[in-house]
Structures are given as C-alpha cells and as structure tokens.
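Student: In this note's numbering, the protein residues as written are 353 to 734.
Ideal Cβ placement from N, Cα and C applies to all residues, glycine included.
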Ligand SMILES: Cc1cc2nc3c(=O)[nH]c(=O)nc-3n(C[C@H](O)[C@H](O)[C@H](O)COP(=O)(O)OP(=O)(O)OC[C@H]3O[C@@H](n4cnc5c(N)ncnc54)[C@H](O)[C@@H]3O)c2cc1C
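(1) Have a look at 432, 580, 618, 383 and flag the residue whose alpha-carbon is nearest the alpha-carbon of residue 546.
(2) Using the C-alpha atoms, what's the distance from residue 621 back to residue 690?
(3) For residue 669, does the count of other Cβ atoms within 10 angstroms reach 16, so buried, or fall short, so exposed?
(4) The beta strand (DSSP E) spanning residue 453 covers which residue range?
(5) Just how far apart, CA to CA, sit residue 598 and residue 377?
(6) Of the residues 543, 630, 570, which one's Cα is nearest the Cα of residue 676?
(7) What number of angstroms, rounded off, separates the C-alpha of residue 552 from the C-alpha of residue 544?
(8) Looking at the secondary structure, which residues open and close the alpha helix (DSSP H) in which residue 651 lies?
(9) I'd like to know whether the C-beta atoms of residue 604 and residue 618 end up nearer to each other than 7 Å.
(10) Could you tell me whether any non-hydrogen atom of ligand 1 is closer than 6 Å to the CB of residue 506?
(11) Please state if the CB of residue 453 and the CB of residue 397 are separated by a distance shorter than 7 Å.
(12) On the three-state DSSP scale, how would you describe residue 376?
(13) Taking 7 Å as the CB-CB limit, is residue 526 close to chain B?
(14) Residue 643 to residue 437, Cα distance in whole Å?
(15) Determine, using beta carbons only, whether residue 501 and residue 535 come nearer to each other than 7 Å.
(16) Report the residue ranges of all beta strand (DSSP E) runs contained in full by the segment 523-595; include only those spanning at least 3 residues, in chain order.
(17) To the nearest angstrom, how far is the alpha carbon of residue 613 from that of residue 434?
(18) What is the DSSP secondary structure of residue 637, reduced to helix, strand or coil?
(19) Taking C-beta to C-beta, are residue 673 and residue 600 nearer than 7 Å?
(20) Grouping DSSP H, G and I as helix and E and B as strand, with all else coil, what is residue 598?
(21) State the Cα-Cα distance for the pair residue 313 and residue 417, rounded to the nearest angstrom.
(22) Check whether the Cβ of residue 560 sits closer than 6 Å to any heavy atom of ligand 1, and report yes or no.
(23) Given this structure, state the Cα-to-Cα distance separating residue 575 from residue 713, to the nearest angstrom.
(24) Within this structure, are the beta carbons of residue 412 and residue 455 separated by less than 7 Å?
(25) Does the beta-carbon of residue 506 have 16 or more other beta-carbons within 10 angstroms, so that it is buried, or is it exposed?
(26) Measuring straight from C-alpha to C-alpha, what distance separates residue 610 and residue 367?
(27) Please report the straight-line C-alpha distance between residue 645 and residue 539, rounded to a whole angstrom.
(28) Which runs of the beta strand (DSSP E) at least 3 residues long sit entirely within the segment 412-440? Give them in chain order.
(29) Under a Cβ-count criterion, where at least 16 other Cβ atoms within 10 Å of its own Cβ denotes burial, should residue 487 be classed as buried or exposed?
(30) Within a Cβ cutoff of 7 Å, which residues of the same chain sit near residue 524, ignoring the five residues on either side of it in sequence?
(31) Use the C-beta contact count for residue 584: other C-beta atoms within 10 angstroms, 16 or more gives buried, fewer gives exposed.
(32) Between the Cα of residue 404 and the Cα atoms of 633, 383, 389, 415, which residue gives the shortest distance?
(33) Count the other CB atoms, across all protein chains shown, that sit within 10 Å of the CB of residue 555; report buried if there are 16 or more and exposed otherwise.
(34) Please work out which residues of its chain come closer than 6 Å, Cβ to Cβ, to residue 511, disregarding the five sequence neighbours upstream and downstream, and give them in chain order.
(35) Ligand 1 heavy atoms versus the CB of residue 615: any closer than 6 Å?
(36) Return the CA-CA distance between residue 533 and residue 489, expressed in angstroms with no decimal places.
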C-alpha cells in the first residue's frame, strides 16, 4: 500500500532548467518511456507529483508474459490460468490461452525505475493548471521545466493537452473503484451482473494476502461506491483501503501541439476490459524508440511526432471494435438472457480465439522487436 514519501514544504526546493526530454508522470507509461531512453546519453528528467510507486493506480493484473519480457517477475504476487465469470444465475470457468498475474505496484515501479536509474533524473513536482505549459515549458510547483521533447504520461486528465479538457461525467470515461482488504483467494473472478453495475463489470483479484475487489462502470454517470460495498459484503471481506480513478475508454490523439501523449492520457487503456497497464507498456516502448531516434540524430522531432501519432492511430480500428463490445455489455436485456449469451461465448475454442485476438492488440513480442515500421499515414490532428 502507498507510503507517504513525497517531499513537502521546505524540502520542495526550486527546480528550473532545460533537459533533452521531459517525461511528465512516472507510473506505467512514463517509467516505460524512461526505460527505453536509458540506452542514450540524453539528459532526461522525469517528474511526478508523488514519489515513484507511492500511489497505486490500479488492481495491478497484467498478462504474465509482458511482465517476463520486461524483467518484472519479482513483483508478481499470484498467477492465473483461468478466469471465473459469474452471471446472475451461473458461473463459467474460461481457460485462458495466456496467463495473467497480479503484482505489487510499489515493487513493479521500483523494478522499472531501476532500468532507467542511471540515465533519467527523477524529481517530485506537481504540474499546475491554467496554463500547465507555455510552448515547451511546463509549469510546476517547483519551477519551470523546458525540453524540446515533452511526454504527457499523466493519466486521464491529459494535463498538457491544448485547450480545455472535458471533465467527468460528460467525458468519454469509465470509472473504477475498489477495496484492498487483507484476504486471500485462488481465482481471478469477474461478475457481469446488473445487481452491481448496469453497464460494466465487477472483479475480485487475489494478490498474495490482499483481495482487490471492485466495480467498474462504463457510464461515468453511474456511481460505483454502493455497488463496491455490496460486492465486498457478498464476497465476505471488509470494505477498507479504497482506491479509484477515471479511465478513458476512447483513443485520443497521441500527439498534439508538439507534445507526445502515452498511456491513459492518450486513451490507450483498452475498452471493454479497462486493461491499461499492458497498453501503457506497449505504447511507452513505441514512443521511447521514436525519442531515441531523435536524441541520437536519426530523425527530427516533427518526424517522431508524425510516426508515433500514426502508430497509435493505426490501432484505432481495434479500439473501435472493443468499444462496440463495451457498448454491447449492459444492453443485454432482460437479465435472463445474460447467462445463455455468456454461455454461448464460453466454449473453450471461442475463448481461445477471442483472447488470442485480444492479446495481439498489444502483443508482448513487441518488447523484443525493433522500432515500429515507418508510418503509413500522417499524424492525427488534434
Ligand atoms: C480501480 C481500477 C482498477 C484497474 N485495474 C487494472 C488492472 O488490473 N489491469 C490493468 O491493466 N489496468 C487496470 N486499470 C487501468 C490502469 O490503472 C490504467 O490504465 C493505468 O494506470 C494507466 O497508466 P498511466 O501510466 O498511463 O497513468 P497513471 O497510472 O494514472 O499514472 C499517471 C501518473 O501521473 C501523475 N500525475 C497526475 N497528475 C499529475 C500532476 N498534476 N503533476 C505531476 N504528476 C501527476 C500521477 O501521480 C501518476 O503517477 C484499473 C483502473 C482503475 C481505476
């Protein structure tokens, strides 16, 4: 669980200057970009409002192969080969074609950070709004920070975006809330049950003496606190140690006004499943590789903006498909149809086929591959 380590008051000394790359946000996406840049001599500054790993931002479940490829297995807590899916009057067990693991957030951040420790400087600093930046200078509570290459890995708020951000509940966002009681379990469990949430799903993820029990709604207007209390009670655990956040469920422009966006700030979290860690790794690596080519003089910033913007945009059709499925969940009325519909898609062959395609959206082999193929299209406009 979080430790309060962020420097406060007088310890927050002034910080000004210019770097080659400024990475704003040091969670899954930002730490991955820094890891890619570690093989260069670039002067990289990474900032976050909290110390690295201080504030957990998710239930922390990801495909095990991704964690293996990134050298993060020391953070793994439990591994699962099947998914237990509950509908109102039935429970299905889906044998997964690839395993998922839960992991410790603080530990995984530390392991990722080790991979850029000698190359990227890290400082705690909070980016202030209105305006959050002027051109290529970012305004923080400790001072102004400048770089020709700026990455927004700041999560759903997309703080460095141009113009006013649409705020919840009217933005295209889902919402998730969970409790982390000390309890144990052996199954990765999902509930697709309107008793908890009308459009969305609920979960219980065991993680070595902790259960992460929560509810996610695709409709930002629907509240998730009462349903989380109800689910915790049904699972038989105390509703304690809360954490929650908004989750974008639509791809956003990955480049805008000269700034690179990655992870939730670019809407890279996958619709339907709200799986955002694997895409943050995947697009973080893609962006890191483009930035390496800029700092080593093989391309200009403008070329990197075009190539990375196009790379992200090339995934639009996959995100649209997942959004269609998301829109479909919760429209299965009446409830008595849920069981036969989920039953029909529970055939092992169908589970293997659909999860195989789902896995390929951000395949773990990407870690070992070279840079993405040259962009086929121009960058998407802001
Ligand atoms: C309840 C819940 C459960 C989830 N469970 C899973 C799961 O099991 N598996 C999965 O794959 N996905 C899960 N997700 C989604 C996943 O958490 C996100 O997609 C993922 O965290 C995105 O990573 P990121 O690095 O882009 O952004 P974030 O993890 O949100 O990190 C953004 C960083 O920016 C920093 N920051 C923000 N504002 C400022 C500021 N003004 N100044 C300085 N720093 C700032 C933050 O401190 C933070 O460190 C879950 C989401 C929720 C809400």
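Tutor: The relevant details are as follows:
(1) 580
(2) 25 Å
(3) exposed
(4) 442-455
(5) 16 Å
(6) 570
(7) 7 Å
(8) That residue, residue 651, is in no alpha helix (DSSP H); it is neither H nor E in DSSP.
(9) yes
(10) yes
(11) no
(12) strand
(13) Here there is only one protein chain, and chain B is not present.
(14) 41 Å
(15) no
(16) 525-531, 540-543, 552-558, 563-569
(17) 33 Å
(18) helix
(19) no
(20) strand
(21) An answer regarding residue 313 cannot be provided, because it is not within the stretch 353 to 734 covered by the chain.
(22) no
(23) 30 Å
(24) yes
(25) buried
(26) 23 Å
(27) 43 Å
(28) 413-415, 428-439
(29) exposed
(30) 600, 601, 602
(31) buried
(32) 383
(33) buried
(34) 479, 484
(35) yes
(36) 42 Å
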